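Undergrad: As given, the protein sequences belong to chains E and S, one line each in that order.
Per this note's numbering, the first sequence starts with residue 28, numbered consecutively.
Per this note's numbering, the second sequence starts with residue 28, numbered consecutively.
There are 2 protein chains.
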Amino acid sequence: MEPLDEQQLAGGLAGTRRRRAQTGTKERMIRAAARILSREGYARLTMERVAAESGVAKTTLYRRWPTKAALCMELYLEVAGNELSDPDTGNVGSDLKHVANAVVRLQTKTVAGPALIGLIAEAQVNPDSRPAFLAEFAERRREVTRLVLNRAIERGELRADTDIDLVIDALGGAVTFRLLQGHAPLTQEFANALVSLVLNGCKPGPDEQQENG
Amino acid sequence: MEPLDEQQLAGGLAGTRRRRAQTGTKERMIRAAARILSREGYARLTMERVAAESGVAKTTLYRRWPTKAALCMELYLEVAGNELSDPDTGNVGSDLKHVANAVVRLQTKTVAGPALIGLIAEAQVNPDSRPAFLAEFAERRREVTRLVLNRAIERGELRADTDIDLVIDALGGAVTFRLLQGHAPLTQEFANALVSLVLNGCKPGPDEQQENG
């Protein structure tokens, strides 16, 4: 998203000026929501506070996002879009570790973590909002891993009958589980070990079986 | 939990009678909460409605459970306690499939599903309640799988360095992920395939590599 540039604004056409001003307003509202979310979490984020902190009229805020869940969804997708990319290293293990680490970083170091927690909670307590939100949300999140796994199957690195959705759920599920339950830390080591588990399983390899018993 | 027995009540001592009456009251409140939860979900469950539907005074209800989350926690643990047991079949694959299927059944066919969804949501939006609730909740849920995995390591069915908490997160996470996001069905086939994935990984076995690649 381009920052506002005073010179361009002054020299531009009226339409361009209006569009840029709108972009600036949207950016201000999103940034204000991100600051509140980082500082105080989803429960204390309200549309009133976003309006006050961004200096934008409440009607303008509501015109763009009817609910705080919709606002958080846009925030989440914007941050996730910047963080998640297809690494395409040529090796399925490296690719998946790259993605898993990016997801862990996204959920622990960026505002996407509290946004995701809030969105999941909201979708459970407001059942009406659930299907549409989760369909879009889950789908966007799965795209990168699906690309990685399909390439790995084509290269013969994974079994041809690998259930891609199952692998995505095992990887994404474990990360989300720790994020939601908070029973164990979300670390790089965890992300890497999770990828190894899903690729290799936890049975002894043929060498280990011969050597050890 | 023993059902009320009118004859025993009539013939018993005063203390026994009082204890039985208390058990009956608790049972009535729990059953009323379960009916509301099954019919209408966590969002529409209120302490007022539990009191009205069970015919128990609100003060009695609040004396036992200060919040609806506490009530749902007890409900969840009661149902889970009945459904989840250590199968001890002598084989790690059979044991894990038994547990995974029990968890899927618990979350899709019993009132534990909506109770769990509500509790997870509540813990996110009311951060103060989070640590205590999730510590107890997560711990109880992990016990059975931990028993199964430790036995399998002792028998040499799993690698000695298997990270038990990671395996539990991969199994439980994928199930919870589907429950929360609702993007794909929670079925027996899914539970069995998930166990195979975590045990065997998704790389081709040595035979397949020689034959096919």
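Cβ coordinates follow ideal geometry from the N, Cα and C atoms, glycine included.
Note that the structure is predicted; figures quoted are calculated from it, not measured.
Ignore the nearest five residues each way along the sequence and tell me which others in E184(S)'s own chain have a CB closer than 6 Å to its CB.
TA: The count along the second sequence starts at 1 and reaches residue 184(S) at position 157. If we look at E184(S) and ignore the five residues flanking it on each side, its Cβ neighbours are V119.
Undergrad: Kindly indicate which three-state DSSP category D178(E) falls into: helix, strand or coil?
TA: Within the first sequence, the letter at position 151 stands for residue 178(E). The sequence given here has Arg at residue 178(E), not Asp. Of the three classes helix, strand and coil, the one that applies to R178(E) here is helix, per DSSP.
Undergrad: Do we get a CB-CB distance below 8 Å when we pair L185(S) with the residues of chain E?
TA: In the second sequence, the residue the question calls residue 185(S) occupies position 158. Taking Cβ atoms only, chain E reaches closer than 8 Å to L185(S), which makes this a yes.
Undergrad: Is any beta-carbon of chain S found at less than 8 Å from that of D192(E)?
TA: Walking along the first sequence from the start, residue 192(E) turns up at place 165. Judged by the 8 Å Cβ criterion, D192(E) is in contact with chain S.
Undergrad: Residues of the segment 218–232 of chain E in Cβ contact with chain A at a cutoff of 7 Å, in chain order, please.
TA: Among the protein chains in the structure shown, which are E and S, there is no chain A.
Undergrad: Starting from A107(S), trace the alpha helix (DSSP H) both ways and give me its first and last residue.
TA: Counting from 1 along the second sequence, the entry for residue 107(S) is found at position 80. Counting along the chain, the alpha helix (DSSP H) containing A107(S) begins and ends at 95–110.
Undergrad: Run through chain S and tell me which residues come within less than 9 Å of N153(E), C-beta to C-beta.
TA: Here residue 153(E) is taken as the residue at index 126 of the first sequence, counted from 1. Chain S residues near N153(E): A70.
Undergrad: Mind checking whether T116(S) and L213(S) have CB atoms under 8 Å apart?
TA: Counting from 1 along the second sequence, the entry for residue 116(S) is found at position 89. Counting from 1 along the second sequence, the entry for residue 213(S) is found at position 186. No, the pair does not count as a contact, with Cβ atoms beyond the cut-off.
Undergrad: Considering only residues of the same chain and omitting the five flanking positions on each side of D122(E), which have a CB-CB separation below 6 Å?
TA: The sequence position of residue 122(E) within the first sequence is 95, counting from 1. Closer than 6 Å at the Cβ level, and outside the excluded window around D122(E), lie P114, T116, V175.
Undergrad: Let me know the secondary structure DSSP gives V202(E) once reduced to three states.
TA: Within the first sequence, the letter at position 175 stands for residue 202(E). Looking at V202(E) - three-state DSSP - the assignment turns out to be helix.
Undergrad: Name the chain S residues that come within less than 7 Å of T189(E), Cβ to Cβ?
TA: Indexing the first sequence from 1 puts residue 189(E) at position 162. Residues of chain S passing the Cβ test: C229.
Undergrad: Could you work out which residues of chain S lie near A107(E), taking near to mean beta carbons separated by less than 7 Å?
TA: Here residue 107(E) corresponds to residue number 80 of the first sequence, with the count starting at 1. By Cβ distance, chain S contributes nothing, its closest Cβ being about 15 Å from A107(E), past 7 Å.
Undergrad: According to DSSP, is H125(E) helix, strand or coil?
TA: Here the question's residue 125(E) lines up with position 98 in the first sequence. Residue state, collapsed to three classes: helix.
Undergrad: Taking any Cβ of chain E, which residues in the segment 196–211 of chain S have a Cβ under 9 Å from it, in chain order?
TA: Cβ contacts with chain E: D196, A197, L198, G199, G200, A201, V202, T203, F204, R205, L207, Q208, G209, H210, A211.
Undergrad: Short of 6 Å in beta carbon distance, which residues of its chain neighbour L98(S), apart from the five on each side in sequence? Order them along the chain.
TA: Counting from 1 along the second sequence, the entry for residue 98(S) is found at position 71. Within the same chain, L98(S) has close Cβ partners A60, W92.
Undergrad: Could you check which residue in H210(E), G145(E), T203(E), S112(E) has the C-alpha nearest to that of T73(E)?
TA: As a working note, residue 73(E) is residue 46 in the first sequence. Checking every option, the nearest Cα to that of T73(E) belongs to G145(E).
Undergrad: Can you tell me whether DSSP reads R186(S) as helix, strand or coil?
TA: In the second sequence, residue 186(S) corresponds to position 159, counting from 1. Three-state result, R186(S): coil.
Undergrad: Let me know if S112(E) comes out buried or exposed under the rule of 16 or more other beta-carbons within 10 Å of its beta-carbon.
TA: Taking the first residue of the first sequence as 1, we reach residue 112(E) at position 85. Classification of S112(E): exposed, given that the 10 Å Cβ count is below 16.
Undergrad: Three-state secondary structure (DSSP) at V83(S)?
TA: On the second sequence, residue 83(S) is found 56 positions in, with the first residue counted as 1. Coil at V83(S), not helix or strand.
Undergrad: Can you list, in chain order, the residues of its chain whose CB lies under 6 Å from that of A179(E), leaving out five sequence neighbours each side?
TA: For the purposes of this step, residue 179(E) is taken as residue 152 along the first sequence, with counting starting at 1. Excluding positions up to five away in sequence, the list reads V119, L185.
Undergrad: Rounded to the nearest angstrom, how far is the Cβ of L152(E) from that of A148(S), given a contact under 8 Å?
TA: Start at 1 with the first residue of the first sequence, and residue 152(E) comes out as number 125. Start at 1 with the first residue of the second sequence, and residue 148(S) comes out as number 121. At residue 152(E) the sequence reads Val, which differs from the Leu that was named. Confirmed, about 5 Å.
Undergrad: Is it buried or exposed for S65(S), if we count other Cβ within 10 angstroms and need 16 for buried?
TA: In the second sequence, residue 65(S) corresponds to position 38, counting from 1. The residue in question, S65(S), is exposed, as its Cβ has fewer than 16 Cβ neighbours within 10 Å.
Undergrad: Since A218(S) and V131(S) should fall inside the 8 Å C-beta cutoff, what is the C-beta to C-beta distance between them, to a whole number of angstroms?
TA: Working through the second sequence from its first residue, we reach residue 218(S) at position 191. Working through the second sequence from its first residue, we reach residue 131(S) at position 104. Confirmed, Cβ separation roughly 5 Å.
Undergrad: For the putative contact between V225(S) and G228(E), defined by C-beta atoms under 8 Å, what is the C-beta separation to the nearest angstrom?
TA: Residue mapping note: residue 225(S) aligns to position 198 of the second sequence, counting from 1. Residue mapping note: residue 228(E) aligns to position 201 of the first sequence, counting from 1. Contact flag correct, Cβ pair sits at about 7 Å.
Undergrad: Taking DSSP as the reference, what is the three-state secondary structure of N153(E)?
TA: Sequence index remark: in the first sequence, residue 153(E) carries index 126 (1-based). Three-state result, N153(E): coil.
Undergrad: Closer than 6 Å by C-beta to I63(E): which residues in its own chain qualify, once you throw out the five before and the five after it? Chain order, please.
TA: Taking the first residue of the first sequence as 1, we reach residue 63(E) at position 36. Cβ within range, chain order: L72, R76.
Undergrad: Suppose you measure from the CA of E170(S) to the CA of T87(E); what does that come to, to the nearest Å?
TA: For the purposes of this step, residue 170(S) is taken as residue 143 along the second sequence, with counting starting at 1. For the purposes of this step, residue 87(E) is taken as residue 60 along the first sequence, with counting starting at 1. Taking the straight line joining both Cα atoms gives about 51 Å.
Undergrad: Is the Cβ of I63(E) closer than 8 Å to any Cβ of chain S?
TA: As a working note, residue 63(E) is residue 36 in the first sequence. So no, I63(E) is outside the interface.
Undergrad: Does P142(S) get closer than 8 Å to chain E when you measure Cβ to Cβ?
TA: Here the question's residue 142(S) lines up with position 115 in the second sequence. Residue identity differs from the one stated: residue 142(S) is Ala in this sequence, not Pro. It does not; no Cβ of chain E falls within 8 Å.
Undergrad: Using a Cβ-Cβ distance cut-off of 8 Å, determine whether I147(S) contacts chain E.
TA: As a first step, residue 147(S) is located in the second sequence; it is residue number 120 there, counting from the start. With 8 Å as the cut-off, I147(S) counts as an interface residue toward chain E.
Undergrad: Would DSSP call A211(S) helix, strand or coil?
TA: Within the second sequence, residue 211(S) is the residue found at index 184, counting from 1. It is coil, neither helix nor strand.
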